[in-house]
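A short write-up of the structure that comes next.
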Amino acid sequence: MAVNIGVVDQAHNPVSQLVISRLSQIKAVKLHTGTLGSERAALERGDRDAVVVLPATLGQGPLALPAYYNSGKPQESSAALGLMNAFVDQASFQYAHMQPAFTLNAQPVNSRNLSYIDFLVPGVIAMSIMQTGLFSVAFSFVAFKQQGILRRLMATPMKVSDFLLSRIVTYLMMSIVQMAILIVLGLLLYHLHFVGNVVYLVIVGFVGAAIFMAIGFSISGFARDEGAVAAIANLISFPMMFLSGVFFTLSNEPSWLQPITKLLPLTFLADALRGISLNGDTLWAVRFDLVGLAIWLAVTLFLAMRLFRWEVV
Amino acid sequence: MGIATRSEDLDLSRQTEGFAIQVEDLRKSYGNLVAVDGISFDVKDREIFGLLGPNGAGKTTTVEILEGLRQADGGRAIVAGINVLKEPQKVKGLIGVQLQASAFFDFLNLAELLEMFASFYGRQVDARALLRRVGLEEKANSRVKTLSGGQKQRFSISTALVNEPRVLFLDEPTTGLDPQARRNLWELAQSIREDGRTIVLTTHYMDEAETLCDRAAIMDRGKVIALDAPATLVQNLLAKGFRRRTAEREANLEDVFLDLTGATATWR
Numbered sequence: 012m013a014v015n016i017g018v019v020d021q022a023h024n025p026v027s028q029l030v031i032s033r034l035s036q037i038k039a040v041k042l043h044t045g046t047l048g049s050e051r052a053a054l055e056r057g058d059r060d061a062v063v064v065l066p067a068t069l070g071q072g073p074l075a076l077p078a079y080y081n082s083g084k085p086q087e088s089s090a091a092l093g094l095m096n097a098f099v100d101q102a103s104f105q106y107a108h109m110q111p112a113f114t115l116n117a118q119p120v121n122s123r124n125l126s127y128i129d130f131l132v133p134g135v136i137a138m139s140i141m142q143t144g145l146f147s148v149a150f151s152f153v154a155f156k157q158q159g160i161l162r163r164l165m166a167t168p169m170k171v172s173d174f175l176l177s178r179i180v181t182y183l184m185m186s187i188v189q190m191a192i193l194i195v196l197g198l199l200l201y202h203l204h205f206v207g208n209v210v211y212l213v214i215v216g217f218v219g220a221a222i223f224m225a226i227g228f229s230i231s232g233f234a235r236d237e238g239a240v241a242a243i244a245n246l247i248s249f250p251m252m253f254l255s256g257v258f259f260t261l262s263n264e265p266s267w268l269q270p271i272t273k274l275l276p277l278t279f280l281a282d283a284l285r286g287i288s289l290n291g292d293t294l295w296a297v298r299f300d301l302v303g304l305a306i307w308l309a310v311t312l313f314l315a316m317r318l319f320r321w322e323v324v
Numbered sequence: 018m019g020i021a022t023r024s025e026d027l028d029l030s031r032q033t034e035g036f037a038i039q040v041e042d043l044r045k046s047y048g049n050l051v052a053v054d055g056i057s058f059d060v061k062d063r064e065i066f067g068l069l070g071p072n073g074a075g076k077t078t079t080v081e082i083l084e085g086l087r088q089a090d091g092g093r094a095i096v097a098g099i100n101v102l103k104e105p106q107k108v109k110g111l112i113g114v115q116l117q118a119s120a121f122f123d124f125l126n127l128a129e130l131l132e133m134f135a136s137f138y139g140r141q142v143d144a145r146a147l148l149r150r151v152g153l154e155e156k157a158n159s160r161v162k163t164l165s166g167g168q169k170q171r172f173s174i175s176t177a178l179v180n181e182p183r184v185l186f187l188d189e190p191t192t193g194l195d196p197q198a199r200r201n202l203w204e205l206a207q208s209i210r211e212d213g214r215t216i217v218l219t220t221h222y223m224d225e226a227e228t229l230c231d232r233a234a235i236m237d238r239g240k241v242i243a244l245d246a247p248a249t250l251v252q253n254l255l256a257k258g259f260r261r262r263t264a265e266r267e268a269n270l271e272d273v274f275l276d277l278t279g280a281t282a283t284w285r
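Read top to bottom, the protein sequences are chains A and B. With positions in the first sequence counted from 1, the corresponding number in our numbering is that position plus 11. With positions in the second sequence counted from 1, the corresponding number in our numbering is that position plus 17.
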């Protein structure tokens, strides 16, 4: 981010030219020059963060430089003014041939600099776990029932619970593959800062997958056809996608909504995955999310056992 | 006290005398609706036995009880030597089932599906040989959705044969098929019986029952109202003085259709 500083050169002398060339060398400054009228107009339009005037008497003695700033953009204008202040201080010391009493000795440090993609990837993983669990389970079981596939399988000695279990294991494997793809893509394409323990990630992913599969089984218990599945599953997943902080941080949400969204299963899942993959959290560190997920698991498993039906009612 | 012999043991000993299925006083109700109202019948070994009757007569419920898919309310049913009411899971290994709505996973080809079904019985199967048996060998690598109606039914029967069942249940196997495909299926059913298996067939086609069945039970409102060889059932009707209003012609439209399009020479 660069600050837009407008300079109005009324001196047109070597000092003012030196000031302008020094300013233009600062990386964080996007320098504009013009007349007082045009620069102030630009400031009022919001195109400048601050405007500094170099009066005609520049270089002939101590002088206060008139400066204007954009009060509507406090962050940018204070950055611009701070920059100008530092610049003016340095110039004053040089002008007075004095050594500054304090200087700053800045050392570069490699920090993590988390970006939006780092925030986004664990959220997208949580969302894909939700979609796979909800939609795959509900769609395929309603279809199996409608087409009579389940019935045909029940006519063999295979235990139906074995069939159920094999489907669940399949979906869990699919969830792992999805997680792996998303993380690898993030690392390769977006320089994802992934510092997490993969085992923790998989464990939390499994718990999340189990919750959404249980919801999927519940839906397939009472949805009559695939159209009904789509409607119900979307009704559940769509609000969660927007409320659970998958794409945006929850702090941007209205405060009355936050207590509700903090209790959604997708929120617990996304938060735990985010803590593990970005902060290197242990399972203990995300225990509150895990407790939330465990409660959801108990509730959804209970619902699934009550609602799931082997046959079309 | 004394030498009390439990009735089930008696039934099991009776089973060895050449009966594939024995049903006694079988009952099933759904709420107030009595679907099966105390029916009794026997099916002999290597018999093709027809179960006829209008929709809602209780055919499907009866068959589903015998297949171990539905729990009866009372009565007795011995299938392939197993008391179905007590051990519904055990009977499934000894019978083959072809259901009316026969869909299969569409991400597997026919050979793979047969191997999968065999695995449900803990068996290995020569999928190609089995497909050859039902005239679908060249379709081994195809998906079910690419099959014609008749081919689907024949494949469905092949899945019911993976465990070399003693009793095969066919539920309306020719509904919706063209005349040639129906005849193909009849030939298949007869050849399966010649392998030494017993077949229980439900159908709405009386010509099918007449052609295939050694004996047929006619059900109505949950009861068996007649049970005999089709020819005998017809004789009984004629003996009551029944006469068709119009004289039977020498041929009908189906004969014309088969004459023009070719009878049963090829599998379809």
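Using N, Cα and C, we set each Cβ at its ideal position, and we do this for glycine too. Please read these numbers as outputs of a predicted model, since none were measured by experiment.
Counting contacts by CB-CB distance shorter than 7 Å, is residue i in contact with chain B?
{"i": "Ala166 (chain A)", "result": "yes"}
{"i": "Val324 (chain A)", "result": "Any reading at Val324 (chain A) must be qualified, since the residue scores a pLDDT of 46, below 50, and its modelled position is unreliable; no value is offered."}
{"i": "Met169 (chain A)", "result": "yes"}
{"i": "Arg320 (chain A)", "result": "no"}
In this structure, how does DSSP classify residue i when only helix, strand and coil are distinguished?
{"i": "Glu25 (chain B)", "result": "Confidence at Glu25 (chain B) is low in this model, with a pLDDT of 46, below 50, so its placement is unreliable and the value that follows should be read with caution. Reduced to three states, the DSSP call for Glu25 (chain B) is helix."}
{"i": "Gly279 (chain B)", "result": "coil"}
{"i": "Asn100 (chain B)", "result": "strand"}
{"i": "Leu68 (chain B)", "result": "strand"}
{"i": "Glu41 (chain B)", "result": "strand"}
{"i": "Met185 (chain A)", "result": "helix"}
{"i": "Gly291 (chain A)", "result": "coil"}
{"i": "Gly113 (chain B)", "result": "strand"}
{"i": "Thr44 (chain A)", "result": "strand"}
{"i": "Leu194 (chain B)", "result": "coil"}
{"i": "Ile405 (chain A)", "result": "This structure cannot settle anything about residue 405 (chain A), because the visible part of chain A is limited to 12 through 324."}
{"i": "Val151 (chain B)", "result": "coil"}
{"i": "Gln54 (chain B)", "result": "In the sequence as displayed, the identity of residue 54 (chain B) is Asp instead of Gln. Strand at Asp54 (chain B)."}
{"i": "Leu65 (chain A)", "result": "strand"}
{"i": "Phe36 (chain B)", "result": "strand"}
{"i": "Arg93 (chain B)", "result": "strand"}
{"i": "Phe122 (chain B)", "result": "coil"}
Chain A beta carbons: is any one of them nearer than 7 Å to that of residue i?
{"i": "Glu132 (chain B)", "result": "no"}
{"i": "Phe137 (chain B)", "result": "yes"}
{"i": "Asn126 (chain B)", "result": "no"}
{"i": "Glu84 (chain B)", "result": "yes"}
Report buried or exposed for residue i, applying the criterion of at least 16 other Cβ atoms within 10 angstroms of its Cβ.
{"i": "Ser173 (chain B)", "result": "buried"}
{"i": "Leu27 (chain B)", "result": "Caution is warranted here: a pLDDT of 45 is assigned to Leu27 (chain B), below 50, making its placement in the model unreliable, and the coordinate value is therefore given only provisionally. So Leu27 (chain B) ends up on the exposed side."}
{"i": "Trp307 (chain A)", "result": "buried"}
{"i": "Ser262 (chain A)", "result": "exposed"}
{"i": "Met169 (chain A)", "result": "buried"}
{"i": "Phe299 (chain A)", "result": "exposed"}
{"i": "Leu355 (chain A)", "result": "Beyond the ends of chain A as shown, which are 12 and 324, falls residue 355 (chain A); an answer cannot be given."}
{"i": "Leu161 (chain A)", "result": "buried"}
{"i": "Ile192 (chain A)", "result": "exposed"}
{"i": "Ser288 (chain A)", "result": "buried"}
Are residue i and residue j closer than 7 Å when you measure CB to CB?
{"i": "Gly227 (chain A)", "j": "Leu145 (chain A)", "result": "yes"}
{"i": "Ala177 (chain B)", "j": "Gly85 (chain B)", "result": "no"}
{"i": "Ala198 (chain B)", "j": "Gly239 (chain B)", "result": "no"}
{"i": "Ala67 (chain A)", "j": "Ala22 (chain A)", "result": "yes"}
{"i": "Leu69 (chain B)", "j": "Ile235 (chain B)", "result": "yes"}
{"i": "Val297 (chain A)", "j": "Ala283 (chain A)", "result": "yes"}
{"i": "Leu202 (chain B)", "j": "Thr219 (chain B)", "result": "no"}
{"i": "Val96 (chain B)", "j": "Ile38 (chain B)", "result": "yes"}
{"i": "Lys156 (chain B)", "j": "Leu127 (chain B)", "result": "yes"}
{"i": "Gly17 (chain A)", "j": "Ala53 (chain A)", "result": "yes"}
{"i": "Ser147 (chain A)", "j": "Gln189 (chain A)", "result": "no"}
{"i": "Ile230 (chain A)", "j": "Ala149 (chain A)", "result": "yes"}
{"i": "Val19 (chain A)", "j": "Glu50 (chain A)", "result": "yes"}
Taking 6 Å as the cut-off, is the C-beta of residue i nearer than that to any heavy atom in the ligand HEM?
{"i": "Arg150 (chain B)", "result": "Absent from the structure shown: the ligand HEM. Ligands present: none."}
*Got a sec: which bits of the stretch 148–166 of chain A sit with their beta carbon under 7 Å from any beta carbon on chain B, in order along the chain?*
Gln158, Gly159, Ile160, Arg162, Arg163, Met165, Ala166
*Residues within the stretch 95–119 of chain B neighbouring chain A, beta-carbon criterion of under 7 Å*: Gln106, Lys109, Gly110, Val114, Leu116, Ala118, Ser119
*Could you run through the stretch 150–180 of chain B and flag, in chain order, every residue whose CB is less than 7 Å away from some CB of chain A?*
Going along the stretch 150–180 of chain B in chain order, one finds no residue with a Cβ nearer than 7 Å to chain A.
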